[in-house]
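The numbering of the first sequence is UniProt numbering, which starts it at 1 and goes up by one.
These notes are about the structure you will find just below.
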Amino acid sequence: MAAVAGVRALLGFHRSVTLQRSFGNIPAQLTSTFLLRGLCSATTKSNEPKPPPVATENESLLENLNLMGVDVKMARQRQPGVLRKAFTNEQGLAKFLQGKGASRRVIASIISRYPRAITRSIEHLEQRWDLWRDIFKTDGEIVSILDRSPESFFRSSDNGNLQKNIAFLTSLGLNSKDLNRLLTTAPRTFSNSFELNRQMVEFLEDICAELGGTNPEQFAKYVISRNLYILIRSTKRVKTNIDILRASLKLSDSELLALLQGPGAEIMDLSNEYLKKNFNSLQQRMVSLGCRKADVKKLIISYPMVLYIGTDTLSFKLDCLLTGGITMKQIIEKPKVLDYSTQNITGRLGELQRVGYDFQKNGINILDTSQKRFDAKIERLGASPELNV
DNA sequence: GCGACCGGGGTCTGCCATCCCC
DNA sequence: GGGGATGGCAGACCCCGGTCGC
Numbered sequence: 001m002a003a004v005a006g007v008r009a010l011l012g013f014h015r016s017v018t019l020q021r022s023f024g025n026i027p028a029q030l031t032s033t034f035l036l037r038g039l040c041s042a043t044t045k046s047n048e049p050k051p052p053p054v055a056t057e058n059e060s061l062l063e064n065l066n067l068m069g070v071d072v073k074m075a076r077q078r079q080p081g082v083l084r085k086a087f088t089n090e091q092g093l094a095k096f097l098q099g100k101g102a103s104r105r106v107i108a109s110i111i112s113r114y115p116r117a118i119t120r121s122i123e124h125l126e127q128r129w130d131l132w133r134d135i136f137k138t139d140g141e142i143v144s145i146l147d148r149s150p151e152s153f154f155r156s157s158d159n160g161n162l163q164k165n166i167a168f169l170t171s172l173g174l175n176s177k178d179l180n181r182l183l184t185t186a187p188r189t190f191s192n193s194f195e196l197n198r199q200m201v202e203f204l205e206d207i208c209a210e211l212g213g214t215n216p217e218q219f220a221k222y223v224i225s226r227n228l229y230i231l232i233r234s235t236k237r238v239k240t241n242i243d244i245l246r247a248s249l250k251l252s253d254s255e256l257l258a259l260l261q262g263p264g265a266e267i268m269d270l271s272n273e274y275l276k277k278n279f280n281s282l283q284q285r286m287v288s289l290g291c292r293k294a295d296v297k298k299l300i301i302s303y304p305m306v307l308y309i310g311t312d313t314l315s316f317k318l319d320c321l322l323t324g325g326i327t328m329k330q331i332i333e334k335p336k337v338l339d340y341s342t343q344n345i346t347g348r349l350g351e352l353q354r355v356g357y358d359f360q361k362n363g364i365n366i367l368d369t370s371q372k373r374f375d376a377k378i379e380r381l382g383a384s385p386e387l388n389v
């Protein structure tokens, strides 16, 4: 047993120092094969080097990962094949990320959640990092995204594709600030194949042209900058949503175009079923409150984000507002009040009730203000109660 | 000074299915 | 057949402040 432990320790040492130092331009597989076979042969008293069994996990790799604080159970669950590989670069990866400012905890978490990260060579990592640094000012920003979404950085081994994506998105007129926001918010966009991103952009341009728009390129750019998740959705999903909106609201081409190149861009990526469910639920509720279908259309066109709110949340918000003395007509005229959290709405209604605020006389705009402005208003109302009635 | 209107910013991954290559 | 690469899906808001007109 002691001998085995010694070999593992030696193997780990070799893996972490000798081997990784030269990982750069040499394919990971070749480098590790040599070392592993050499060690195995030295401990089995056999002249025939034996490769590790194909279907079993690499013991020294498991040991290394455990020492690094990796959740091996999670890694096994996510990508079991990686643990069976004889040739990996976990120490090289760790060293690389440490050099970029990642903590031990972050590195372990990254590998636990996306084990394939340890199959990337140093050369690949350096290239990819440099490409990301074209968009971010500091290494720290990239580390925080890796911590959040390791898959976005490590899933693709094609740096050329990443380069193409950056060039393509830049060619759309997206500036460095837009790219920064895009990569921060929806990093998966940059791991998409260039072709997939191009298809979505072309799809958006086609939609604009079909609806009679005069500037498809501008339209696509607008939609992307307004909805940063659009490029990680399928064209099928977006198309279905557009069809749902058109049919449900009975929109003309120009009305639909205006909606999509306005606030409607933000709901184009919702799941199709969710969008339908929320629309039906909203319509049902509004009709039951005596609204006409035209009112539903008016509300959605002026505030499409109402379809983003889950049915239960929306129902609760409406209940709060209605029982607080606000009418449905007021909500339709001023739907942005639904933008605020239920907690915020209930809190403000309570405050306003306390000072005797009259919504019929003063309207409901007070609910759509920043907390600072709201507090200042409450203070004034408290000092001069006659203003409320 | 105040209210109304409006735009913008933060946040948003982990998993499964499929295809393809070795 | 195994594993890598990639496509696609579900999940489901909140808040702030600039500007302008009165």
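The C-beta atom is built at its ideal place from N, Cα and C for all residues, glycine as well.
Bear in mind that the values here come from a model prediction, so they are computed numbers and not experimental data.
Beta-carbon proximity list for residue i, same chain, < 6 Å, skipping 5 on both sides
i	result
S156	S191
F316	T342
P263	P304
P187	I145, S149 and S152
Nearest-angstrom Cα separation, counted from residue j out to residue i
i	j	result
G92	R181	30 Å
K221	F374	35 Å
T346	L338	12 Å
N272	V296	19 Å
K85	R76	12 Å
G325	N344	16 Å
L275	R226	18 Å
Y340	I267	17 Å
D178	E195	20 Å
T185	R105	23 Å
L361	T138	According to the sequence as given, residue 361 is Lys; it is not Leu. When rounded, the distance between both Cα atoms is 53 Å.
Whole-number beta carbon distance between residue j and residue i, since they are thought to touch under 8 Å
i	j	result
I332	L299	5 Å
G101	V143	6 Å
V223	I230	6 Å
I207	I242	7 Å
Simplified DSSP state of residue i, which is helix, strand or coil
i	result
Q261	coil
K336	helix
R181	helix
C208	helix
C291	coil
N58	coil
D269	coil
I378	helix
I118	helix
N89	coil
V238	helix
K137	coil
A102	coil
Nearest to residue i (by Cα), restricted to the options the options
i	options	result
Q330	N64, R188, G81 and L367	L367
M286	L260, L318 and A258	L318
I107	N64, L204, R84 and Q127	N64
I301	F279, T311 and Q284	F279
L61	T119, R105 and A102	T119
F168	I142, E126, R128 and E217	E217
F96	L174, A376 and L125	L125
T281	G310, L256, E255 and E205	Going by the sequence as given, residue 281 is Ser instead of Thr. When each option's Cα is compared against that of S281, the closest is G310.
D134	R113, A117, E202 and T170	T170
Spatial neighbours of residue i in its chain, beta-carbon cut-off 7 Å, leaving aside the 5 residues before and after
i	result
K336	Y303 and D368
Cβ-heavy atom distance, residue i to the ligand SAM, below 7 Å
i	result
A167	With respect to the ligand SAM, the structure offers nothing, as it holds no ligand at all.
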